[in-house]
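Structure record follows, encoded as structure tokens.
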Amino acid sequence: MHSLIRAGALAALVLATTMGGASAQAVFKGTWAGPPANAGPIAVTPPPPGAAPASPVPPGMRSPSPKHVLVLGGARGWHHDSIPAGMAAVYNWGRATHWWDTEMRTEFSLVNGRGGQPMTAGFQPVGLRDFDAIVVVSATGDWGLDAAQKAALLDFVRAGGGLVAIHGGVDANLGWKDYVDMVGGVFVSHPFNNHEWSLFPFPLRTENRDTPMTSFLPARWIRQDELYVVKNFSRADTEVLLSMDGERLDMTRIPDQLPPDRDIPVAWIKQYGKGRVFASTIGHAKEAFDDPDVARMYTEAIRWALRLSGDDARPHPALVPPLTAPRPGGPTTNGR
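What follows is the structure, given as structure tokens:
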């Protein structure tokens, strides 16, 4: 009987607290459930005179960034283990150079036409209008965008936004022609790479050293990577920066897997409306992003896509003969 009485009293106490208290919020520790919902604005007492902040940021504001970059690394097809390294690298390059701030996502909710509103408490993006460029880090496969999202992405670049596609970014949305056309080429295969040569030492040609992305590279060099053969590519609307060196690479054993002209670009730029697009198939392995030359190429590519350096792309239909001038400062790292 006594236990029943105690149980009834406890139930009554809980009911009274829930129904008659100032707040219906649950109290997990202590006795305070938090301020009431109608408490009104919080009164803030200004600091005493002479208490200057350590950082010269105006009160109530976050340090503004001139540019914002959205990094998309959500693989819907083949998952590269280099995605975290690539995404982190873009973040670190922005921090080191102070050229951009980075927002990293592995889903595609920010690919929409919203955004562009003032922000006073940090960076809370809601759509593509909050960004200046997009970097796709091996986000392979079909992203599953609806019609409105697809239109927003195309409109973003056409209106002047930058786009940088790293490695598997060229292997994304294969069934979406407008995306493939915007990037300038699409993955077909990597026939030079197999289980024996998962990373193959490719001889490359630097076709154009007049861009910030390639000015520091030698005319001919070796890059150990998994590089793609692409289709839906034309020199008529792209400016090729790097290509496989057909004079030093045996292409005779796999003729049916290569384009008839044996023209295999490795890095290129193009215009898409007012937007700048950079794409490269370099970056299969996570170690690629530790290579100083790769890091500099992609850092300068993002900077170029943000219109902080360089000129617009100038397509050249014909294959440009390799340059012969020596690289400033001697040979590259990795024995090149």
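Residues -24 to -1, 1 to 312 in mature numbering (1 follows the signal peptide of the UniProt record, and there is no 0) are what the sequence shown spells out, letter by letter.
Don't be surprised by glycine CBs; every beta carbon is placed ideally from N, CA and C.
Computed from a predicted structure; not experimentally measured.
A direct Cα-Cα distance of roughly 11 Å separates proline 17 from proline 11.
Burial is judged here by how many other beta carbons sit within 10 angstroms of a residue's own beta carbon; valine 20 has fewer than 16 and is exposed.
Exclusion of the five residues before and after serine 256 leaves Ala243 as the residues of its chain whose Cβ lies within less than 6 Å of its Cβ. For isoleucine 245, the closest of Val270, Ala141 and Leu203 by C-alpha to C-alpha distance is Ala141. In this structure, arginine 211 sits away from alanine 289, with a CB-CB distance that is not shorter than 9 Å.
Distance check between glycine 137 and each of Met95, Thr116 and Leu46 places Leu46 closest, using alpha-carbon atoms only. Uninterrupted alpha helix (DSSP H) stretches at least 4 residues long and entirely within the stretch 55 to 134 occur at 59 to 73 and 123 to 134, given in chain order. Setting aside the 5 residues that flank it on each side, histidine 44 is surrounded in the same chain by Asp77, Phe107 and Asp108, each with a C-beta closer than 6 Å to its C-beta; the list follows chain order.
Annotated three-state conformation of proline 25 is coil, per DSSP.
Contact holds between the stretch 49 to 56 and the stretch 142 to 156, because three or more Cβ pairs, one in each stretch, are under 8 Å apart. For proline 268, the uninterrupted alpha helix (DSSP H) segment begins and ends at 268 to 281.
Within the model, the alpha-carbon separation for histidine 56 versus arginine 252 is close to 25 Å. Sequence-distant partners of valine 87 (beyond 5 residues in either direction) whose C-beta falls short of 7 Å from its own C-beta, in its chain, are Leu104, Leu121, Gln125, Ala128 and Leu129. For glutamate 183, the closest C-alpha among the options Val156, Pro241, Ala72 and Asp118 is that of Pro241. Each of Gly286, Asp213 and Leu180 was checked against the Cα of glutamate 202, and the nearest Cα belongs to Leu180. Per the coordinates, the alpha-carbon of proline 188 lies some 6 Å from the alpha-carbon of glycine 286.
Going by DSSP, aspartate 201 is part of the beta strand (DSSP E) stretching over 196 to 201. The alpha-carbon separation between alanine 195 and valine 111 amounts to approximately 27 Å.
Closest by C-alpha distance to alanine 64, out of Ser85, Val156, Lys262 and Glu83, is Lys262.
Taking 9 Å as the cut-off, the Cβ atoms of arginine 279 and tryptophan 75 count as close. Burial of phenylalanine 265 is indicated by the presence of at least 16 other C-beta atoms within 10 angstroms of its C-beta. Burial is judged here by how many other beta carbons sit within 10 angstroms of a residue's own beta carbon; arginine 199 has at least 16 and is buried.
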